[in-house]
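Asks:
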Amino acid sequence: MKLKIALQRSGKLAEGSKELLRKCGIGFSNGGDKLRAEASDFPLEIFFLRDDDIPDYVADGVADIGIVGENILAEDPKEVETLEKLGFGRCRLSIAVPKTFDYGGVADFGDKRIATSYPGVLGKYLSQQGVAADIHEIGGSVEIAPSIGLADAVCDLVSSGSTLFSNGLREVETVMESEAVLIANPRLDPNRSALLERLLFRIRGVRAASQNKYILLNAPSDKIAEISAILPGMKSPTVVQLAEPGWVSIHSVISEHDFWEVVDSLKRAGAEGILVLSIDQMIR
Ligand code: ATP
Ligand code: MG
29 MKLKIALQRS GKLAEGSKEL LRKCGIGFSN GGDKLRAEAS DFPLEIFFLR DDDIPDYVAD
89 GVADIGIVGE NILAEDPKEV ETLEKLGFGR CRLSIAVPKT FDYGGVADFG DKRIATSYPG
149 VLGKYLSQQG VAADIHEIGG SVEIAPSIGL ADAVCDLVSS GSTLFSNGLR EVETVMESEA
209 VLIANPRLDP NRSALLERLL FRIRGVRAAS QNKYILLNAP SDKIAEISAI LPGMKSPTVV
269 QLAEPGWVSI HSVISEHDFW EVVDSLKRAG AEGILVLSID QMIR
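Each residue of the sequence shown is one higher than the last, beginning at 29 in the working numbering.
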């Protein structure tokens, strides 16, 4: 018996999804046009699909789990469970206007035409703001809608903003933020749930590793207590005597999140020769 996972076949989530599985130690052949692959070292079968179809396949049980952007789920909610944020495919759904649009606030969109592939999320956002705009649903190439006279503004996914910029558009409102998430069918049988737990354990290890760094530093022996308080690590830091009397090397794990603040406090506490390394796996 195998767990079945649905991934985007090609597009902005495809690479990140495959890389995540590989980092979990799961190998598979990725033959160009193939729609299905079997993993070599985990009981996993992989389906490569259009991202919009993934929630449906998972809700219907054709696939047990899948990787999809939160924006897709928000637009068209399906009966699936969201298990884990995956930290890639980050983007935001934003409203953008032509540079010539004299923008004062959301109220300016009253009676204006906004082109989008996300009419559900946009409609909800505008009605929460009490704005009645005319939403034009289009399937793609939303960013050209204003220049061809189809709309006054657009609402589209943005990451760097360069596509908007090169089409003469300016981002003015963020409607929602999104990243890739792992979704599951809510009624998995016990065998599949057990496989999913094994996979989730690995995914969490990969995620924790990418969010943490291994740090080594030298410090005077009388600073051990002060530095240990800044660097709690997984249990407590490792302290090793240096060849030079009165000095130690302290090793620990720190979160990428507050990395620079921690490094500043370490330096103030007398740390020298700070080395920071990335971590491949982290099992708590
Ligand atoms: P498919 O052919 O699978 O239907 P698509 O063209 O609908 O693909 P992509 O553009 O590949 O979709 O985007 C897939 C997902 O990647 C989006 O739904 C979103 O969650 C995420 N994403 C991340 N960054 C961006 C971005 N800059 N623009 C669009 N989507 C992004
Ligand atoms: Mg799509």
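Don't be surprised by glycine CBs; every beta carbon is placed ideally from N, CA and C.
#1: Just to check my reading of the structure: Ile33 and Ile100 have Cβ atoms closer than 8 Å, yes? What is that Cβ distance to the nearest angstrom?
#2: Please name the residue or residues paired with Asn219 in a DSSP beta bridge.
#3: Following the continuous beta strand (DSSP E) through Gly158, name the residue where it begins and the one where it ends.
#4: Counting by C-beta, which residues lie closer than 6 Å to a heavy atom of the ligand MG, in chain order?
#5: Let me check you understand the geometry: is the CB of Asn195 closer than 7 Å to at least one non-hydrogen atom of the ligand ATP?
#6: Considering only the alpha carbon of each residue, which of Tyr242, Cys52, Trp275 and Glu272 lies closest to Leu259?
#7: Buried or exposed, going by whether 16 or more other CB atoms sit within 10 Å of the CB of Ala67?
#8: Run the proximity test for Leu48: is its beta-carbon closer than 7 Å to any non-hydrogen atom belonging to the ligand ATP?
#9: Counting along the chain, where does the beta strand (DSSP E) carrying Glu73 start and finish?
#10: Please report the straight-line C-alpha distance between Gly167 and Pro147, rounded to a whole angstrom.
#11: With Gly189 and Glu199 assumed to form a contact (beta carbons below 8 Å), what rounded beta-carbon distance in angstroms separates them?
#12: What would DSSP say about Tyr85, mapped onto helix, strand or coil?
#13: Count the other CB atoms within 10 Å of the CB of Ile176; is the residue buried (16 or more) or exposed (fewer)?
#14: Bridge partners for Ser306 per DSSP, in chain order?
#15: Which residue marks the beginning of the beta strand (DSSP E) containing Asp184, and which one marks its end?
#16: With DSSP as the reference, label Leu197 as helix, strand or coil.
#17: Quick check: what's the CA-CA separation for Ile128 versus Leu111?
#18: Check the C-beta distance from Val203 over to Tyr131 and give it rounded, since I have them as a contact under 8 Å.
#19: Please classify Leu245 as buried or exposed, where buried requires at least 16 neighbouring CB atoms within 10 angstroms.
#20: Gly117: beta carbon under 7 Å from a heavy atom of the ligand NAP?
#21: Take Val209 as the anchor and find which of Arg120, Leu41 and Met29 has the nearest alpha-carbon.
#22: Can you name the start and end residues of the beta strand (DSSP E) that Leu31 belongs to?
#23: Considering only the alpha carbon of each residue, which of Lys30, Asp139, Val267 and Ser206 lies closest to Lys251?
#24: On the DSSP bridge list, what partners appear for Val125?
#25: Pick helix, strand or coil for Pro248, following the three-state DSSP scheme.
#26: For the ligand ATP, is there a heavy atom less than 7 Å away from the beta-carbon of Gly97?
#27: Smallest Cα separation from Arg141: which of Glu171, Asp180 and Ile172?
#28: So what's Glu66 in DSSP terms, helix, strand or just coil?
#29: Quick one, which of Ser249, Ile307, Glu107 and Asp162 has its alpha-carbon nearest Leu270's?
#30: Starting from Ile100, trace the alpha helix (DSSP H) both ways and give me its first and last residue.
Replies: With the structure as the only source:
#1: About 16 Å separates the beta carbon of Ile33 from that of Ile100, a gap too long to meet the 8 Å contact definition.
#2: Answer is none; Asn219 lacks a bridge partner.
#3: For Gly158, no beta strand (DSSP E) run applies, since DSSP gives it neither H nor E.
#4: With 6 Å as the limit between CB and the heavy atoms of the ligand MG, the residues that fall short of it are Arg78, Asp79 and Asp80.
#5: Short note on Asn195: C-beta not closer than 7 Å to any heavy atom of the ligand ATP.
#6: If we check each option's Cα against that of Leu259, Tyr242 comes out closest.
#7: By the neighbour-count rule (16 or more Cβ atoms within 10 Å), Ala67 is buried.
#8: Leu48 Cβ: outside cutoff for every heavy atom of the ligand ATP.
#9: Under the DSSP assignment, Glu73 falls in the beta strand (DSSP E) whose first and last residues are Leu72 to Leu77.
#10: If you take the alpha carbons of Gly167 and Pro147, they lie about 11 Å apart.
#11: 6 Å between Cβ atoms; contact.
#12: Correct three-state label for Tyr85: helix.
#13: Taking every protein chain shown into account, the CB of Ile176 has fewer than 16 other CB atoms within 10 angstroms, so this residue is exposed.
#14: Residue pairing for Ser306: DSSP places it in a beta bridge opposite Lys241.
#15: From DSSP, the beta strand (DSSP E) with Asp184 extends over Ala181 to Val186.
#16: DSSP places Leu197 within a strand segment (E or B) once states are collapsed to three.
#17: Before going on, a small fix: residue 128 reads as Thr here, not Ile. Each residue's Cα considered, the two are about 43 Å apart.
#18: Between Tyr131 and Val203 the Cβ distance is about 15 Å, and since that is not below 8 Å, they are no contact.
#19: By the 10 Å Cβ count, Leu245 comes out buried.
#20: This structure does not include the ligand NAP; its bound ligands are the ligand ATP and the ligand MG.
#21: Checking every option, the nearest Cα to that of Val209 belongs to Leu41.
#22: Leu31 to Gln36 is the extent of the beta strand (DSSP E) around Leu31.
#23: Of Lys30, Asp139, Val267 and Ser206, the residue nearest in Cα terms is Val267.
#24: Its beta-bridge partners are Arg198.
#25: In the structure shown, Pro248 falls within a strand segment according to DSSP collapsed to helix, strand and coil.
#26: Relative to the ligand ATP, the beta carbon of Gly97 is positioned inside 7 Å of a heavy atom.
#27: It is Asp180 whose Cα lies nearest to the Cα of Arg141.
#28: Glu66: strand per DSSP, three-state reduction.
#29: Ranking Ser249, Ile307, Glu107 and Asp162 by Cα distance to Leu270 puts Ser249 first.
#30: Note, Ile100: alpha helix (DSSP H), Glu98 to Glu103.
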